[in-house]
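K.L.:
Everything in the sequence shown is counted per the numbering used here, starting at 103 for the first residue and increasing by one.
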Amino acid sequence: MLVNTSLSLENILKRPGGCLQNGKFMKPRKVVLVLARRYSGCKAVAVKNIDYGTLDCPYSHALVAGIECCPRKVTAAMGKKKIAKRSKIKSFMKVCNYNHLMPTRFSVDTPLDNCCQQGRLQRP
103 MLVNTSLSLE
113 NILKRPGGCL
123 QNGKFMKPRK
133 VVLVLARRYS
143 GCKAVAVKNI
153 DYGTLDCPYS
163 HALVAGIECC
173 PRKVTAAMGK
183 KKIAKRSKIK
193 SFMKVCNYNH
203 LMPTRFSVDT
213 PLDNCCQQGR
223 LQRP
């Protein structure tokens, strides 16, 4: 009987059942819910995802763009200023940890290439 002696932690993690080989569930153009901090409860779209982290952020994260507040109901009795104020849409862009995002079954069909400028993707 042959015994495999290469059972180091690194080899176990690299195997298909190991935790480094999990499936990639967060993909660009996926609709997500933000679960933490200022934008908790807001809907967003994943623009760019980084699965294994970077030197700045050593955790898996995604750049998301979403709607902070949507337009409110407008009636005929309201004035022009109030209608203009209630018709605004506030948007946000944020780098979020995967732990703070909940993916939904929905995805966006339109391409997100022109969503943001290249210079804004990098942190100061």
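We put the beta carbon where it would ideally sit given N, CA and C, even for glycine.
What do you get for Val210, buried or exposed, if any count of 16 or more other CB atoms within 10 angstroms of its CB means buried?
P.N.:
Locating residue 210 in the sequence shown gives position 108, counting from the first residue. Exposed is the label assigned to Val210, since fewer than 16 other Cβ atoms lie within 10 Å of its Cβ.
K.L.:
Measuring CB atoms only, is the stretch 189-208 touching the stretch 161-172, in the sense that at least three cross pairs come out at less than 8 Å?
P.N.:
yes
K.L.:
Residues in the same chain with beta-carbon distance under 6 Å from Gln123, minus the five sequence neighbours each way, listed in chain order, please.
P.N.:
By 1-based counting over the sequence shown, the position of residue 123 is 21. Note on Gln123: pLDDT 49, under 50, position unreliable in the model; the coordinate value appears next. None.
K.L.:
Give me the residue from Asp153, Val134, Asn151, Lys150 with the minimum Cα distance to Cys144.
P.N.:
Numbered from 1 along the sequence shown, position 42 holds the residue referred to as residue 144. For Cys144, the nearest C-alpha among the options comes from Val134.
K.L.:
With C-beta atoms as the reference, is Pro130 less than 8 Å away from Leu203?
P.N.:
As a working note, residue 130 is residue 28 in the sequence shown. As a working note, residue 203 is residue 101 in the sequence shown. Result no, Cβ atoms of Pro130 and Leu203 do not sit closer than 8 Å.
K.L.:
Which class does Pro226 belong to by DSSP, given the choice of helix, strand or coil?
P.N.:
Counted from its first residue, the sequence shown places residue 226 at position 124. For Pro226, the pLDDT reaches just 45, beneath the cut-off of 50, and the residue's location in the model is therefore unreliable, although a value from the coordinates is still provided. Residue state, collapsed to three classes: coil.
K.L.:
Should Ala148 and Ala138 be called a contact, given that it needs their Cβ atoms to be closer than 8 Å?
P.N.:
Here residue 148 corresponds to residue number 46 of the sequence shown, with the count starting at 1. Here residue 138 corresponds to residue number 36 of the sequence shown, with the count starting at 1. No. Outside cutoff.
K.L.:
Give, in chain order, every unbroken run of the beta strand (DSSP E) that is at least 3 residues long and sits entirely within the stretch 142-206.
P.N.:
Those beta strand (DSSP E) runs which fall completely within the stretch 142-206 and span 3+ residues are 145-152, 163-171, 192-199.
K.L.:
Once the 5 residues before and after Lys126 are set aside, which same chain residues still bring their CB inside 7 Å of it?
P.N.:
Within the sequence shown, residue 126 is the residue found at index 24, counting from 1. Hits under 7 Å: Asp153.
K.L.:
Have a look at Ala186 and Lys175 and give me their C-alpha separation to the nearest angstrom.
P.N.:
Along the sequence shown, read from residue 1 onward, the residue named residue 186 stands at position 84. Along the sequence shown, read from residue 1 onward, the residue named residue 175 stands at position 73. When rounded, the distance between both Cα atoms is 11 Å.
K.L.:
Measuring alpha carbon to alpha carbon, tell me which of Thr212, Ala146, Arg188, Lys184 ends up nearest Val166.
P.N.:
Residue 166 sits at position 64 when you count from the first residue of the sequence shown. Of the candidates Thr212, Ala146, Arg188, Lys184, the one whose C-alpha sits nearest the C-alpha of Val166 is Ala146.
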